Amino acid sequence: MSDELEAHLDRAFLALADPTRRAIVARLSRGEATVNELAEPFEMSKQAVSKHIQVLELAGLVTRTRDAQRRPVHLDAVALERLTEWIDRYRLIHERQFRSLDRLLAGHDTDRPRADHDTREEEK
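Residue numbers for the sequence shown follow full-length UniProt numbering, so the first one is 1 and each next one is one higher.
Pasting the structure below:
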């Protein structure tokens, strides 16, 4: 993995470690919003929300555009997709390992005599 990609992942996961920023990302997944709109559900100043947005922006997870007087914030779906791809790579590795373990354990269950069968044979 390149140093640049690793630095991007570090910034993105660090940004998403904060519950307020995760809530902002969740809200932006439904569509663009202004800082005022993003600040509504939080009991913090608009300046504090702006700082959270700035962290998300530096992590490459959101962008801001200018629309006349509005400066809407947009979720960068491509950046989230890169994070998902990185997570999926490791999830798939572990799923394959668990499936192999399941097959191995299932094979051992059929090789082993059943305890209830042995008990009934002994009782006869």
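Glycine included, every Cβ here is placed at the ideal spot set by N, Cα and C. What you are looking at is a predicted structure, and each value in this text was computed from that prediction instead of being measured.
Taking A77 as reference, the option from P19, D3, V25 and L9 with the minimal CA-CA separation is V25.
Contact annotation: R27 and L16 have beta-carbon atoms that are not nearer than 9 Å. In the DSSP assignment, L56 falls within the alpha helix (DSSP H) that extends over K46 to L58. The beta carbons of V73 and E43 sit about 20 Å from each other, so the pair does not count as a contact at 8 Å.
Here DSSP, grouped into helix, strand and coil, assigns A33 to strand. Taking each of R99, A79, T34 and R21 in turn and checking the Cα distance to A68, the smallest one comes out for T34.
Leaving aside the five residues that flank L5 on each side, none in its chain has a CB nearer than 6 Å to its CB.
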